[in-house]
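S.K.:
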Ligand code: 8X3
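In this note's numbering, the protein residues as written are 4 to 258.
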């Protein structure tokens, strides 16, 4: 039976690598992102191996999220619900890094609205269909930052701690409906993450990954695949994945 995965933040980084991994497994893909041109590029590429549709929205805008998911073509819906076997809540970012007393409120809003509210808005639009079908799998992208708070990162860490709590809460509510929930907590992954966090300062961003081999987006996608392809009687509840040189959120052995 063909399965369908909906991936947010699918045009780059972990989201893109996850799209590649699911395409290789023969999943149909609903790719979501903010940039239609980049979504179309990924769609063109992956359409060679599987059926792909795209939805353009910013996860922070609840009405747009709900409207876009409700607008899926009929072959991607069942009984008025989006037909999604696997939801990968990947969209999210860090914005700024500074002591709490200097934090930019606009940065805080971006992180709380995107990483927490956005994840909720997408989940709210997708989960009722999973409940109706009594099966599904939700993969939430948290972070080592959700388990270990570090200096100058209070709000980002808080947003990821919220994701951890939501993964646990979703599992409590949804296990009885045959829905698995996996929380993925990566450490340092070399993607656009740090460039966004440091607002385009590529030099500062590259220093984050200096002197060691960070995780790649594919490494994280592989861990998502591991959870999703586990046997029916197994839930992989939580995966913390670190670069071999990383011992904790702020402890990295650099050469
Ligand atoms: C990204 C990992 O350690 O930069 O979530 O917070 S970290």
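Quick reminder that beta carbons are idealized off the backbone N, C-alpha and C, glycines included.
With a threshold of 8 Å, are at least 3 pairs of Cβ atoms found where one atom belongs to the segment 119 to 136 and the other to the segment 65 to 82?
M.R.: Result yes; three or more Cβ-Cβ pairs closer than 8 Å.
S.K.: So, residue 241 versus residue 182, is the Cβ gap smaller than 9 Å?
M.R.: Taking 9 Å as the Cβ cut-off, residue 241 and residue 182 do not qualify as a contacting pair.
S.K.: Exposed or buried, which one is residue 92 when buried takes at least 16 other CB atoms within 10 Å?
M.R.: Flag for residue 92 reads buried.
S.K.: Beta carbon of residue 183: closer than 8 Å to some heavy atom of the ligand 8X3?
M.R.: Result no, Cβ not under 8 Å from the ligand 8X3.
S.K.: At what residue ranges does the segment 78 to 158 contain a whole run of the alpha helix (DSSP H), taking only runs of 4 or more?
M.R.: With a minimum length of 4 residues, the continuous alpha helix (DSSP H) runs that stay inside the segment 78 to 158 are 108 to 114 and 122 to 136.
S.K.: Quick check: the Cα distance between residue 114 and residue 21, rounded to an integer number of angstroms?
M.R.: Roughly 22 Å separates the two Cα atoms.
S.K.: Please report how far the alpha carbon of residue 98 lies from the alpha carbon of residue 162, in whole angstroms.
M.R.: The straight-line gap from Cα to Cα measures roughly 11 Å.
S.K.: Going by the DSSP bridge assignment, what does residue 35 pair with across the sheet?
M.R.: According to DSSP, residue 35 bridges with 11 and 58.
S.K.: Measuring straight from C-alpha to C-alpha, what distance separates residue 105 and residue 156?
M.R.: Cα to Cα, the separation comes out at about 11 Å.
S.K.: Name the DSSP bridge partner or partners of residue 189?
M.R.: BP columns for residue 189 point to 244.
S.K.: Who are the Cβ neighbours of residue 198 in its own chain at under 7 Å, not counting the five residues just before and after it?
M.R.: Excluding residues within five positions, the ones whose Cβ falls inside 7 Å are 205 and 208.
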